[in-house]
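Note sheet for the following structure.
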């Protein structure tokens, strides 16, 4: 690492080696050369006499040994990165030099390579997402019966279960997976479309043979790793695709953000935490601190990711006619960042969900403190069964609930709601009867446990079974710092 210049934190601190390599200079420029090989090879196979088998062989022999210094020097001279690399390739391939890039525009190599990188990057994202889904499914299964206090408006509400709460995060991720699967069908090669997408130069090369030009487009696309190409393009592949890609990745960011913020709140309540390593330091001053640093990091990275789609929407909306160049600089940053951010977020998500910690006794403490309030709906229904007005009983219970809540907050008293209700002659139950109505807090969780079982069986397990080979693969979720 060169410590004298700025280092991109996404690379130096947060992301996987596999994702970093996909967006590396080496990967990009070697795949530019693979595009040029595919072009020449397809032209030769379709009978273009200017391109010989020997030329194609020479090009193949020099895919990986790029002279970056020659290319960089040429780019400084001519201010054009693609032509600089054409020049560098030609220096190594003197026989093939006359036919490198024949009939193509710069976006032939740039777009096709970008699309290939995105296709493979999305595959990495999909694998990591599935690993999170598998981890959360296991957590939900193991904790489906543990009753815990539910919250609305971050105020105590009715109980749910730890497993049921986490099915909410799972459901979000399954939606993200659906969007990824759809996006995968949208990523196609740009193919060989020419300067403004009309294939005019290729029609000239093949003497007006339209079928050969169409086959050239299909053949090149298959050679570089695609089943099909976009049927029509301008100079570039449609930037609408970039917009949809950013939205899909941003959606994963939003799902992760929701989970991370909830975990931070639960950590404050001391009921559920991310893993905390034995040597981990929570604070430089407060030695007792157990900060949820991974969830906090996930929140920050997700915030950045969720802000990117507007850039891609603006770029797609501002592609004048067949193409303008104001997309180039921003895409160099934003496309890589969108995937790297998603990669970093999912690494954290995998890491956290691999070993989350639940504290049942602390959960029970919170439940006990709120149990009388949680029973008010059951008491209300029981009052109605005794012949009382639902609306009148609601007002009586509300009055005493507010009074009891204020006593807890203002005076630090324990919850005395049942005592207040028992004293009120309008309530048709004494203290013993009210206590029996409350019973065990587990009864207030409704179908939470069964909902969790049904959701895992009907929605999650079929997905994990369909992708069992991917789920079984190792994913590097270790954190560098």
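Numbering (the numbering used here), first residue to last: 8 to 488.
Each residue gets a CB set at the ideal place from its N, CA and C atoms; glycine is no exception.
Because the structure is a prediction, the values reported are computed rather than measured.
Nearest neighbour of residue 320 by Cα position, chosen from 88, 379, 252, 116, turns out to be 252. Taking 8 Å as the cut-off, the beta carbon of residue 258 is found no closer than this to the beta carbon of residue 227.
By a beta-carbon distance limit of 8 Å, residue 242 does not contact residue 205. Their separation comes to about 10 Å. Annotation for residue 175: the continuous alpha helix (DSSP H) segment containing it runs 169-193. Straight-line measurement puts the Cα of residue 306 at about 18 Å from the Cα of residue 135.
Comparing alpha-carbon positions, the option among 22, 326, 118, 69 lying closest to residue 304 turns out to be 22. Residue 365 has 279 as its beta-bridge partners, per DSSP. Residue 156 is bridged by DSSP to 166.
In the three-state reduction of the DSSP assignment, residue 382 falls in the coil class, being assigned neither a helical nor a strand state.
Between the C-alpha atoms of residue 25 and residue 353 there is a straight-line separation of about 13 Å. Contact between residue 256 and residue 349 is confirmed by a C-beta separation of about 5 Å, below the 8 Å threshold. Within the region 57-133, complete alpha helix (DSSP H) segments of at least 4 residues are found at 60-68, 75-85, 88-99, given in chain order. If the five residues before and after residue 91 are omitted, its C-beta is found closer than 7 Å to the C-beta atoms of 78, 81, 82, 85, all from its own chain and listed in chain order.
Beta bridge pairing from DSSP links residue 196 with 236. Between residue 318 and residue 337, the C-beta spacing is below 8 Å. If you compare the alpha carbons of 112, 88, 35 with that of residue 127, the shortest gap goes to 35. Each of 278, 380, 400 was checked against the Cα of residue 388, and the nearest Cα belongs to 400.
Residue 466 is positioned such that its CB atom lies closer than 8 Å to that of residue 181.
Counting the other Cβ atoms within 10 Å of the Cβ of residue 159 gives fewer than 16, which makes it exposed. If you look at residue 39, you'll find it in the alpha helix (DSSP H) that goes 32-52. At the C-beta level, residue 420 and residue 414 come within 8 Å of one another. Around the CB of residue 169, 16 or more other CB atoms lie within 10 Å, so the residue is classed as buried.
In the structure shown, the three-state DSSP call for residue 436 is coil. A straight-line Cα-Cα distance of about 20 Å links residue 187 and residue 118.
For residue 297, the secondary structure class from DSSP, reduced to helix, strand or coil, is coil. Its Cα nearest to that of residue 347, the residue 16 stands out among 365, 16, 11. Listed in chain order, the alpha helix (DSSP H) runs fully inside the region 209-261 are 217-230, counting runs of at least 4 residues. Rounded to the nearest whole angstrom, the C-alpha separation of residue 355 and residue 219 is 49 Å.
Contact annotation: residue 343 and residue 309 have beta-carbon atoms that are not nearer than 8 Å. Around residue 316, the same chain offers 250, 253, 254, 257 as residues with beta carbons nearer than 8 Å, after the five sequence neighbours per side are excluded. For residue 18, no alpha helix (DSSP H) run applies, since DSSP gives it neither H nor E. By the 16-neighbour rule on beta-carbons within 10 angstroms, residue 368 is exposed. Around the beta carbon of residue 409, fewer than 16 other beta carbons sit within 10 angstroms, so the residue counts as exposed. Of the residues 212, 94, 124, the one whose Cα lies closest to the Cα of residue 231 is 124.
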